[in-house]
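Numbering (this note's numbering), first residue to last: 6 to 350. Quick reminder that beta carbons are idealized off the backbone N, C-alpha and C, glycines included. Inspection log for the structure reproduced underneath, given as structure tokens.
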């Protein structure tokens, strides 16, 4: 299903997706310079709130089968106190459940509740290994607390039966020199998987956004410079030495994740046929990357799961337009032309 060739795909997807991203909150306790919540002041923001138990049910109960559910989006999942309850309900339905977090709130009480609920995977975004750079890139001075929380969580739940834990690094010009120390930090904490992904941008890579402290030169755009390539080579060797898996989002290599993918890379994307991304307000968007890659939020709205049945949204006019754009040689005005394609599912 994930490798359907171009000629066998159409504007319709007859089977409902069994993989869903559900945003459980659009509040956050960080101010990351690479996040639309921080830099995209001109982007219309959806109303702020946490996903309620009733609305969670209204969304997930529309799917006859869910194999995999990712409980994150624009916002920090641990801010929603219902999160363990969401996880438990999905596990009872047989789904694999995971989410990304900044781990600032990953204390023992929350960690134990998530493990008891049956969480399968915990992904932690870091982006820096020094407090100074962490504060610069993430807008809060919390790195020591994050590391302390991670060490305690791995010590308590890192054995067999606990959630798989991994560290994630968004590659920017400012933090690439720290990448080898990031790999070493994972080993010290006891986390055996580290992932690299490049900064998502809109435009031609020459500009991330207007009125932002994150400058255009932070983007890792197209092919790597020699110095950056050497750093990745060093980290791959270091990971082998330390017994870690050093990967990139989308189950590809770190080199592949930051390089261009040919003249029409978006045609390799299967998301419009296999998964849905749903915001805390029930809005269906193309994927979790689309809010990072557009200045026109209204353009990427595909429907609303709290207002219309999933069957109507999934094969509605907007979803059909998206699929035709992905199949074509120019997806404009959709933001797909700015995607690296091989992102984590």
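Three-way DSSP call (helix, strand, coil) for residue i in this model
{"i": "residue 231", "result": "helix"}
{"i": "residue 66", "result": "coil"}
{"i": "residue 327", "result": "helix"}
{"i": "residue 300", "result": "coil"}
{"i": "residue 74", "result": "strand"}
{"i": "residue 147", "result": "coil"}
{"i": "residue 79", "result": "coil"}
{"i": "residue 245", "result": "helix"}
{"i": "residue 216", "result": "Per-residue confidence for residue 216 stands at a pLDDT of 37, beneath the threshold of 50, marking its modelled position as unreliable; the derived number appears in the next sentence. Residue 216 falls in the coil class under three-state DSSP."}
{"i": "residue 201", "result": "strand"}
Spatial neighbours of residue i in its chain, beta-carbon cut-off 7 Å, leaving aside the 5 residues before and after
{"i": "residue 42", "result": "33, 79"}
{"i": "residue 74", "result": "25, 27, 95, 100, 102"}
{"i": "residue 98", "result": "71"}
For residue i, the nearest candidate out of the options (CA to CA)
{"i": "residue 339", "options": "316, 109, 271, 51", "result": "271"}
{"i": "residue 68", "options": "317, 190, 176", "result": "317"}
{"i": "residue 142", "options": "155, 162, 112, 175", "result": "175"}
{"i": "residue 22", "options": "277, 83, 300, 287", "result": "277"}
{"i": "residue 129", "options": "120, 108, 147, 119", "result": "108"}
{"i": "residue 156", "options": "136, 190, 138", "result": "190"}
{"i": "residue 113", "options": "151, 77, 297", "result": "151"}
{"i": "residue 181", "options": "119, 144, 159, 232", "result": "232"}
{"i": "residue 167", "options": "39, 122, 301, 320", "result": "122"}
{"i": "residue 135", "options": "186, 322, 164, 87", "result": "186"}
{"i": "residue 105", "options": "127, 117, 92, 111", "result": "127"}
{"i": "residue 294", "options": "282, 288, 304", "result": "282"}
CB contact below 8 Å: residue i versus chain C
{"i": "residue 293", "result": "Absence of chain C from the displayed structure is noted, only one protein chain being present."}
Span of the beta strand (DSSP E) around residue i
{"i": "residue 102", "result": "101-106"}
{"i": "residue 253", "result": "250-253"}
{"i": "residue 24", "result": "24-27"}
{"i": "residue 171", "result": "169-176"}
{"i": "residue 316", "result": "From DSSP, residue 316 is part of no beta strand (DSSP E) but of the alpha helix (DSSP H) over 315-319."}
{"i": "residue 129", "result": "126-130"}
Close beta carbons around residue i, own chain, < 8 Å, minus the five adjacent residues each side
{"i": "residue 314", "result": "67"}
Cut-off 6 Å between Cβ atoms - residues of its own chain near residue i, not counting five sequence neighbours on either side
{"i": "residue 198", "result": "171, 250"}
{"i": "residue 325", "result": "16"}
{"i": "residue 162", "result": "120"}
First through last residue of the alpha helix (DSSP H) which encompasses residue i
{"i": "residue 38", "result": "That residue, residue 38, is in no alpha helix (DSSP H); it is neither H nor E in DSSP."}
{"i": "residue 194", "result": "184-194"}
{"i": "residue 116", "result": "113-122"}
For residue i, the residue or residues it bridges with in DSSP
{"i": "residue 308", "result": "289"}
{"i": "residue 282", "result": "26, 290"}
{"i": "residue 12", "result": "Answer is none; residue 12 lacks a bridge partner."}
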